[in-house]
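Here the structure comes first, spelled out in structure tokens, and everything after it is commentary.
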Amino acid sequence: MTLFTPFKFGQIDLKNRIVMASMTRGRTTNPGQVPNELQVEYYRQRASAGLILTEGTWVSRDAMGFINVPGIFTPAQVDGWRKVTDAVHQQGGAIFAQLAHSGAVSHPAFFNGQPPLAPSAINPGLRAFTPEGFKDTVTPRAMTLDDIRRTIADYRAAGIHARDAGFDGVELHCATTYLLPQFLNSELNRREDGYGGNAEKRCRIVIEILEALISAWGPGRVGLKISPTLSQGGFRSTEATVETYDHLINGLNRLSLAYLHVVRAAGDLSDSPIATLQDTVGYYRERYEGTLIANLGFDKASGAAEIERGAADLISFGKPFIGNPDFVRRMERDLPLTSPMVETFYQGGAQGYVDYAPAD
Ligand SMILES: Cc1cc2nc3c(=O)[nH]c(=O)nc-3n(C[C@H](O)[C@H](O)[C@H](O)COP(=O)(O)O)c2cc1C
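Okay, so the sequence shown: first residue is 140 according to the numbering used here, each after it adds one.
Right under this line is the structure:
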């Protein structure tokens, strides 16, 4: 079966084509946001995936927007992550750190009352999970050019930290509603300088961060995750979405990435400005020249079919890995799957995290 065949990608040999997608789980319950023993155990249990992508991990203090999420900007965090990467490697797995920045999808509760940073001072109309529970987002502060330069440097430093922590590579989180998709969005990015105003300028920060990460890692070790069809709250696709992402893909083809990770459309796009992205994976397969990972709602049969039709090289799975630490084996042997408990997705300590048993 296609999913279970090895795959050479970038500089790395994967034992199968099954990727565990990034999932924020909110278990880093210490003030230093240091990955802990629970996280070591969680990732160790799931190391039969060909590649694990960690939960979105803050690149700096400014990047925060969700409680109990780890960072990768202090020496203690690097030491914590090293225990995770050691455990995964001991099981013969591979693991990339996902580098994240919330941008406007955060709250002053994280910044001593100061507003979060974003491309422009526009409230995305979403919610952030703060120490005081879910709160509506506020109007953020538009980043200055200095803020942008510092943020790119933060990503590079986080990339170097990830290397020091023993990761096999990094994935740049440019998906969901976080900082980088905010820059790509023509409603949320109203800048009139070098980082907004047309497709090329909206993409510029993403390309510059990727170049900074590749300068730290070398070729074939940096991936990018995008979800161009996602709409949520005040974060909506626009008339400029398709052109902006087309431009981004052209830029990616000039870089030596490990892969492009595409979240496909969740619903019917026919009445939207992005109807052309309905077959999201197929659309980007035609345009992106490197390795492609497909994501969202796949199972064994549909994942294998996506590879067989030539649209993707690898398939990533999120929720199935929560309830099934041995998801790869269960698919291989057609064993029944355990449904994950939604109430412990983002909180709950060991419960609903490391206590899902493997199949007999
Ligand atoms: C609990 C949970 C947390 C998530 N956190 C992240 C995250 O930190 N970074 C990210 O890129 N996607 C995140 N996602 C999205 C998943 O990576 C994936 O794109 C999504 O779940 C669709 O894949 P699936 O249908 O196989 O679950 C999260 C999803 C879930 C369920």
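We put the beta carbon where it would ideally sit given N, CA and C, even for glycine.
I believe residue i touches residue j by the beta-carbon criterion, under 8 Å. Please report the beta-carbon distance rounded to the nearest angstrom.
| i | j | result |
| --- | --- | --- |
| isoleucine 454 | isoleucine 261 | Incorrect: roughly 35 Å between the Cβ atoms, too far for contact. |
| glycine 462 | methionine 162 | That belief does not hold up - the Cβ atoms of glycine 462 and methionine 162 are roughly 12 Å apart, past 8 Å. |
| threonine 419 | tyrosine 398 | Incorrect: roughly 15 Å between the Cβ atoms, too far for contact. |
| valine 244 | tyrosine 317 | 6 Å |
| glycine 264 | cysteine 342 | About 23 Å separates the two Cβ atoms, so there is no contact after all. |
| threonine 315 | leucine 369 | 6 Å |
| leucine 416 | valine 381 | 6 Å |
| alanine 304 | valine 217 | 5 Å |
| tyrosine 182 | alanine 215 | Rounded, the Cβ-Cβ distance is 18 Å, inconsistent with contact. |
| aspartate 530 | arginine 426 | Nothing about residue 530 can be read from this structure; the chain reaches only from 140 to 499. |
For residue i, collect the residues of the same chain with a Cβ closer than 7 Å to its Cβ; drop the 5 residues on either side in sequence, then sort them by chain order.
| i | result |
| --- | --- |
| asparagine 324 | Phe374, Thr377 |
| alanine 301 | Ile211, Ala236, Val309 |
| threonine 213 | Gly171 |
| proline 254 | Pro247, Val277, Thr278, Pro279, Arg280 |
| aspartate 286 | Leu256 |
| alanine 450 | Val420, Gly421, Arg424, Ala433 |
| serine 477 | One point to set straight first is that residue 477 is threonine, not serine, in the sequence displayed. So the list reads Gly462, Asn463, Tyr495, once near-sequence residues are dropped. |
| proline 270 | Ile206, Ala248 |
| arginine 393 | none |
| glycine 372 | Pro263, Gly264, Leu265 |
| asparagine 251 | none |
In the structure shown, what three-state DSSP assignment does residue i receive?
| i | result |
| --- | --- |
| lysine 147 | strand |
| glycine 390 | helix |
| leucine 323 | helix |
| alanine 160 | coil |
| phenylalanine 306 | coil |
| aspartate 152 | strand |
| phenylalanine 484 | coil |
| glycine 333 | coil |
| glycine 491 | coil |
| aspartate 499 | coil |
| histidine 312 | strand |
| phenylalanine 250 | coil |
| threonine 269 | strand |
| glutamine 184 | helix |
| glutamine 172 | coil |
| arginine 280 | strand |
| alanine 243 | coil |
| alanine 260 | coil |
With a CB to CB cut of under 8 Å and the five nearest residues on each side skipped, what residues in its chain are close to residue i?
| i | result |
| --- | --- |
| alanine 352 | Correcting the residue type first, residue 352 is leucine in the shown sequence and not alanine. Within the same chain, leucine 352 has close Cβ partners Leu238, Tyr294, Arg295, Gly298, Val309, Leu311, Val361. |
| leucine 363 | Glu310, Leu311, Cys313, Val345, Leu349, Leu391, Leu396, Tyr398, Leu399, His400 |
| leucine 177 | Arg166, Gly488, Ala489, Tyr492, Val493 |
Only counting the same chain, and skipping five residues up and downstream in sequence, which positions put a Cβ closer than 6 Å to that of residue i?
| i | result |
| --- | --- |
| alanine 281 | Ser259, Ala260 |
| isoleucine 446 | Thr141 |
| arginine 403 | Thr419, Val420, Leu435 |
| phenylalanine 460 | Met159, Arg185, Phe466 |
| phenylalanine 268 | Phe205, Ile206 |
| glycine 242 | Ala257, Tyr317, Leu318, Gln321 |
| methionine 203 | Trp197, Phe249 |
| threonine 168 | Asn207 |
| tryptophan 220 | Pro174, Ala304 |
| proline 209 | Thr167, Gln172, Pro174, Thr196 |
| glutamine 486 | Gly165 |
| glutamate 347 | Ile291 |
### Message
Within 8 Å, do at least three Cβ pairs link the region 232-250 to the region 182-193?
### Response
yes
### Task
Answer yes if the region 436-445 comes into contact with the region 144-154, meaning at least three C-beta pairs across the two stretches below 8 Å, and no otherwise.
no
### Task
Could you tell me whether the region 331-348 touches the region 267-281, using the rule of 3 or more Cβ pairs below 8 Å?
no
### Message
As an exercise, report each continuous beta strand (DSSP E) stretch of at least 3 residues that is fully enclosed by the region 422-481, in chain order.
### Response
431-434, 453-456
### Message
Please give me, in chain order, every unbroken run of the alpha helix (DSSP H) with length at least 4 that falls completely inside the region 186-233.
### Response
214-229
### Task
Mind listing, in chain order, the continuous alpha helix (DSSP H) runs of no fewer than 4 residues lying wholly within the region 342-418?
380-391
### Task
Assess, as a yes-or-no matter, whether the region 193-207 is touched by the region 148-155 under the definition of 3 or more beta carbon pairs within less than 8 Å.
no
### Query
Any chance the region 464-477 sits against the region 409-419, with 3 or more Cβ pairs inside 8 Å?
no
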